[in-house]
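Numbering (the numbering used here), first residue to last: 136 to 320. Note that beta-carbon positions come from the ideal geometry of N, C-alpha and C, so glycine has one too.
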Amino acid sequence: MAQGGGTMVFSGKGMAMAPYYAVAALLWLLLAVLSFSLVTIVFFPGRELTAMERVASAAVVLLLATPAAMQLFSLHSRMREMRANFLVVDESGVRVRLAGVHRGSKVLPEIQETLVRWSEVTSVSRERRKFTYRSRIPFSYPLDVYTMVTAGAAIPFTKECIPGAKRAAREIAARIGQEVRRAAG
């Protein structure tokens, strides 16, 4: 039932993670500049700043640095999770492992490493869902959820689980001789 093609690996390794590393590098740079500013304000204020101005300046720098540090911590956590997840498409079927806290926060089931044979895959669908990012100021954002459907289970995945999720869904659908269907909803 599988059509042509070699092995395709979709995982959080290699060049697929380059944008994440670039954002992390920018955040680290921002934190380094803010840390330098804080040290300068606190320990080398010069004669121009009064004690109150030093305290106010330090508070502003800390206010700027805190969200950047929190975002960096969250980004590294997501990157670790993405590096552990994978979806491998080859002649025998789809080997998949999708797990982690961030995946669980979207109420997507954890998928331990398993092989789904081509004869078991019945369809691949895409559904646009809204997710809420839980933080001090929660916000909603849309995300495409691709689902590989088998007779016994549905395996949902997103680009936040594995880089290249859209391409993976298209490849799986092509190998079973179908297109990615839009989920009814």
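Is it buried or exposed, residue i, if we count other Cβ atoms within 10 angstroms and call 16 or more buried?
i, result
"Ile290", "buried"
"Gly228", "buried"
"Val242", "exposed"
"Tyr281", "buried"
"Ser275", "exposed"
"Val315", "buried"
"Met136", "Its pLDDT being 36, under 50, Met136 is placed unreliably in this model, and the value from its coordinates should be taken loosely. Exposed: under 16 other Cβ atoms inside 10 Å."
"Val259", "buried"
"Glu216", "buried"
May I have the straight-line CA-CA distance separating residue i from residue j, to the nearest angstrom?
i, j, result
"Phe292", "Tyr155", "18 Å"
"Leu164", "Pro244", "36 Å"
"Leu233", "Glu248", "8 Å"
"Ala151", "Ala300", "11 Å"
"Arg113", "Ser146", "No answer is possible for residue 113: the residues shown for the chain start at 136 and end at 320."
"Leu198", "Thr257", "52 Å"
"Pro202", "Leu278", "23 Å"
"Leu210", "Val190", "30 Å"
"Gln138", "Ser172", "Residue placement at Gln138 is poorly supported in this model, since its pLDDT is 46, which falls under 50; the coordinates still yield a value, given next. Going by the C-alpha atoms only, they are around 59 Å apart."
"Lys265", "Ala318", "14 Å"
"Leu161", "Ser270", "21 Å"
"Thr175", "Glu188", "13 Å"
"Met283", "Lys294", "14 Å"
"Met205", "Gly312", "44 Å"
"Ser240", "Glu262", "18 Å"
"Lys148", "Ile297", "9 Å"
"Ala157", "Phe208", "15 Å"
For residue i, collect the residues of the same chain with a Cβ closer than 8 Å to its Cβ; drop the 5 residues on either side in sequence, then sort them by chain order.
i, result
"Met212", "Reading off the sequence shown, one finds Ser at residue 212, where the question assumed Met. If we look at Ser212 and ignore the five residues flanking it on each side, its Cβ neighbours are Val236, His237."
"Leu169", "Val196, Leu199, Ala200, Ala203"
"Val177", "Arg189, Ala193"
Answer with yes or no whether the minimum CB distance from residue i to chain D is below 7 Å.
i, result
"Val190", "Of the chains in the structure shown, none is chain D; there is only one protein chain."
Between which two residues does the beta strand (DSSP E) carrying residue i extend?
i, result
"Val158", "Taken as a continuous stretch (DSSP letters only), Val158 belongs to no beta strand (DSSP E), being part of the alpha helix (DSSP H) at 153 to 178."
Grab the span of the alpha helix (DSSP H) containing residue i for me, first residue to last.
i, result
"Val236", "236 to 240"
"Arg189", "186 to 219"
Can you list, in chain order, the residues of its chain with a C-beta nearer than 6 Å to that of residue i? Leave out the 5 residues immediately preceding and following it.
i, result
"Thr142", "Asp225"
"Thr267", "Pro273, Ser275"
"Phe221", "Ser146, Arg232"
Return the chain-ordered list of same chain residues with a C-beta closer than 7 Å to the C-beta of residue i, the five sequence neighbours on each side being excluded.
i, result
"Ala286", "Glu255, Thr257"
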